[in-house]
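Note sheet for the following structure.
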Amino acid sequence: MSSSDDSDSDSDDSSLSYSDSDSSSDDDEETSGITGEQESQYNDIDGLVPADSEMGEIGTCVFQDGADGGSDRRLYGGVDLGSDSVHSYGGGIRGAIMALQEPAESHHEDDLSTSPPAIGATCEDGTVTTQKLGLRSTTEEIAEQKIQFLERRVKRDMSLYHQPLVQVQHMNLNYGTITRQNNQEPQEELIWCFECCCACVPARVSPSPRYTSLPGPSFIRVFILHPGGGDSTLSGSLEALNLNDAKSHYEAISYRWGPPKPRKAMLLSGRMVYISRSLHSMLLDLRHRHRDRILWADALCINQADYSERKQQVSMMQRIYTRASRVIIYLKGENDHVQDCFSVVQDLTSAWLTFQKSEVAIYNGHVSPESIYDGVISSFKMGRIAEIFKNCYWTRLWMVQEVVSARTAVVQWNGQLLSWTLLGLATTLIRNNASLWKMFTSAMLSRRAKTGFMNAYLMYRLPSAGFRTDSLSFLDLLRLTRNFDVTMPLDRVYATLGIPSQQTGPGRKFVTPDYRLLLEGLYTRVFHWVTTTHEIPLEILSAVRHTDKSIPNFPTWIPQWHVEPIRSIGSSHRKGMKFDASAGWSGKPLLEVSWRLDGRSLTLEGFVLGTIIASKPVLPPILSKAARVPANYTSDHRQALATWTAQHFPDNKYVRSRLSLTLTAGQDWYGAILRQQDALSKHQASFESWIQQYSPSQGNQIAAGDVKQYDQAVESVCRGRKLFAATGCQMGLGPECLASGDVVCVILGGPVPYVLRPCRGGRYQFVGECYVPGYMAGEAVAEWTTPSSTALNPRRFVLL
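FYI, the numbering for the sequence shown is 1 to 800, going by full-length UniProt numbering.
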């Protein structure tokens, strides 16, 4: 869809400017601790809110996320994992856990009957939440049942169905392939697999037909991988399988596509074909020695040259992975320490299980985590765990729905197997235990390892009904998955469609993937779908950010999802962590969209709070670009910021209180909105201690506060933003591309205030969301509805 005519013909030259912060790149080998921005992203995933947060401990412990029963995981194909008691597995905890470490080849032949570890819960201070002495409450019984379910889930991850060759239609006809006639020599046929997840780039196929049309919309192809050993020729065939057939079983592979070249040969239904070397290597690694294996791999099982089939199969992706008997999380790349890496994960989780089943856990209410993990984990061993998450697999967005859709899953790396439940469990243990988290963050981690850990943590938590709740929206999914990579920008949207939310998931028709669309067309459709299906339509405006990566001459009010985001002020999947700047106004918000190609526009209604007269970045440019730790603040920048604030804001208690809130967008270090007086007082004390760092004139008259937590909140919120002074509303925090003359507005129906840029003809460009102290909870509407007030009057804004 063309957007060349979208700009107003009589607009002036006050076009949106931007910084080049997105142009910097981080070297994968760069090492440092967890930054404030990364910490805020972890906080978005966490379920247990710290006791010193404004929200208090309102969440539930997250350690049993993997133990949701079938009803809780129904969107993900939850099934009854059997009623066999976990106490009957036998063999001892450590021995049972280590049994899961068998090399892949030996495991393929026998179903394991082992006792996997489970997990309990810890409080914020690291102590263990235990049963009260001599009591057995209903809650405790439920928790025990969940632990048992989790144990069975780990066992299921490591077990295989011993089925004969899968029952598929037309099996004797080699359905879906061209069979070779008797005495006919194999013919070569080229199949080029391209680097792209879920078949986004068509494959080149030889002139002779390769795929036969599938019988119906519920059918997929599966690959029958024939047995073999060593370097013997790889061979197999494609067959059709009906997903509606409950008796059919197959394993779905979740993996990263490799480069199209070089290619290697294999026999497919007697025909010599060439596939990518990475796909060939993976299939060799998964091949059994003595029996067929039924697999689904998108690069081979989808006709990449058939656009209609590709589109239809991609829309079924979530169902394909849910229907699979097991999902294989296949990690590529050589590593000499895989067995050690997996062993540390098993040591960590088995140590927790040992404690959880001990009398100490039952009768002692306070046990330090050091006593649980003493001798089990160390900084060196934590580094081994980090090696797992440095693998590129954890960075790909398509992997999210593939993993969270799985009924059971196993991680395979260099021939070693590990239950996905165990690995996800380990991320939860580390993240939610103060001592383990400190040990992990203190390690010299690469950027990829830090991001991979966080992404895996999200994958493990997303299937939990307790995490999703009823309020998780499609917008939330786009925001939560912003750290994942995609090969094609369109997949930033398409790859999230199979993840259940209020608008997406099985049985919900939100959008159909269409790779013929331009980015402009997809982004426009997403805006329309969100504003017509979400509870708070205008929340999508908080996703707008203008950078040098933005599409030029495109409507300024439509988010461009390929642009690197910053932490949102107005969006959260937790209702208790959202602002409501237009509270008190109960009508349906004015939201008129004109889709004319010669002038697309959005008409809204609201109030002008003031006009920006000056602005100043809170963070030095190097921090805004590279997200470094606060230690990299330069003394010159600190002093310049102190001088600027002194010039534009009077130094009194009222102004300092507003400034303390503005620099953190009214939130504490965890991202919880500050509302209670005790929390506000603590926040103010932390601000006073923090400001002393760059304002030496304050001397030693500052109250003691938590400088580190306040600094963390500032770094997280102020990245990509500026502090501004404005008429009417005095101060605020807005996008880095704001400028003097921009107006600050509260839009009816909008959760936060926004910055708009006036153009000729009474129209505006949308700059972005902002924080304005004193106008985040409906104060503008209250001023308007007060009979004696004439300061604010509603007006219409036409956005270009």
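For each residue, glycine too, the CB sits at the ideal point set by N, CA and C.
Cβ-Cβ separation, residue j to residue i (assumed contact under 8 angstroms), whole Å
i: residue 731; j: residue 659; result: 7 angstroms
i: residue 226; j: residue 325; result: Incorrect: roughly 19 angstroms between the Cβ atoms, too far for contact.
i: residue 807; j: residue 224; result: The structure shown has nothing for residue 807, since the chain only spans 1 to 800.
i: residue 413; j: residue 331; result: 4 angstroms
i: residue 573; j: residue 737; result: Not confirmed; about 27 angstroms, so no contact.
i: residue 454; j: residue 483; result: 6 angstroms
i: residue 541; j: residue 750; result: 7 angstroms
i: residue 222; j: residue 329; result: With 8 angstroms as the limit, residue 222 and residue 329 do not qualify as a contact, their Cβ atoms being about 19 angstroms apart.
i: residue 544; j: residue 529; result: Actually they do not touch by this definition, with Cβ atoms about 16 angstroms apart.
i: residue 293; j: residue 302; result: Actually they are not in contact, since the Cβ atoms of residue 293 and residue 302 sit about 19 angstroms apart, beyond 8 angstroms.
i: residue 735; j: residue 746; result: Rounded, the Cβ-Cβ distance is 16 angstroms, inconsistent with contact.
i: residue 725; j: residue 614; result: 5 angstroms
i: residue 527; j: residue 504; result: In fact, because the Cβ distance is near 16 angstroms, the residues do not count as touching under 8 angstroms.
Bridge partners - residue i, DSSP secondary structure assignment
i: residue 765; result: 757
i: residue 330; result: 412
i: residue 771; result: 733
i: residue 797; result: 604
i: residue 612; result: 726
i: residue 242; result: 219
i: residue 721; result: 735
i: residue 485; result: 396
i: residue 225; result: 236 and 293
i: residue 417; result: 412
i: residue 673; result: 667
i: residue 617; result: 722
Selection from the options that minimises the alpha carbon distance to residue i
i: residue 605; options: 422, 415 and 748; result: 748
i: residue 149; options: 402, 407 and 310; result: 407
i: residue 661; options: 489, 594 and 773; result: 773
i: residue 290; options: 230, 297, 302 and 320; result: 230
i: residue 741; options: 721, 753 and 764; result: 764
i: residue 349; options: 550, 316, 336 and 418; result: 418
i: residue 377; options: 426, 397 and 722; result: 426
i: residue 151; options: 422, 382, 322 and 293; result: 422
i: residue 559; options: 578, 577, 538 and 579; result: 538
i: residue 476; options: 355, 500, 685 and 238; result: 500
i: residue 211; options: 233, 234, 240 and 232; result: 240
i: residue 381; options: 266, 676, 445 and 561; result: 445
i: residue 686; options: 657, 307, 746 and 787; result: 657
i: residue 400; options: 346, 563, 375 and 496; result: 496
i: residue 391; options: 336, 428, 440 and 452; result: 452
i: residue 351; options: 374, 481, 646 and 213; result: 374
i: residue 770; options: 784, 781, 733 and 786; result: 733
i: residue 578; options: 609, 617 and 536; result: 536
Start and end residues, alpha helix (DSSP H) containing residue i
i: residue 341; result: 338 to 356
i: residue 431; result: 420 to 431
i: residue 526; result: 519 to 533
i: residue 478; result: 474 to 480
i: residue 495; result: Segment: none, residue 495 is in no alpha helix (DSSP H) and carries neither H nor E.
i: residue 382; result: 379 to 389
i: residue 662; result: 653 to 662
i: residue 335; result: Premise fails: residue 335 is in no alpha helix (DSSP H) and is neither H nor E.
i: residue 303; result: Note, residue 303: premise wrong, no alpha helix (DSSP H); not H, not E.
i: residue 677; result: 677 to 691
i: residue 322; result: 317 to 323
i: residue 785; result: 779 to 785
i: residue 467; result: 465 to 468
Residue range of the unbroken beta strand (DSSP E) whose run includes residue i
i: residue 274; result: 271 to 276
i: residue 254; result: 251 to 254
i: residue 593; result: 592 to 594
i: residue 296; result: 293 to 296
i: residue 747; result: 743 to 747
i: residue 265; result: 263 to 268
Minimum Cβ-Cβ distance from residue i to chain C less than 7 angstroms
i: residue 579; result: No chain C appears in this structure, which consists of one protein chain only.
Do the stretch 393 to 409 and the stretch 264 to 272 make contact, defined as three or more Cβ pairs closer than 8 angstroms? no
Three Cβ pairs or more, each shorter than 8 angstroms: is that satisfied between the stretch 431 to 446 and the stretch 464 to 475? no
Indicate whether the contact test is met: 3 or more Cβ pairs, each with one atom in the stretch 382 to 396 and one in the stretch 334 to 354, closer than 8 angstroms. yes
Could you say if the stretch 635 to 654 and the stretch 751 to 768 meet the contact criterion of at least three C-beta pairs nearer than 8 angstroms? no
Tell me whether the stretch 709 to 720 and the stretch 660 to 680 touch, counting them as touching only if at least three CB pairs, one residue from each stretch, are closer than 8 angstroms. yes
Meets three-Cβ-pair contact criterion under 8 angstroms: the stretch 578 to 588 and the stretch 710 to 726: no
Spell out a yes or no on whether the stretch 393 to 402 and the stretch 483 to 496 are touching, meaning 3 or more CB-CB pairs, one atom from each, closer than 8 angstroms. yes
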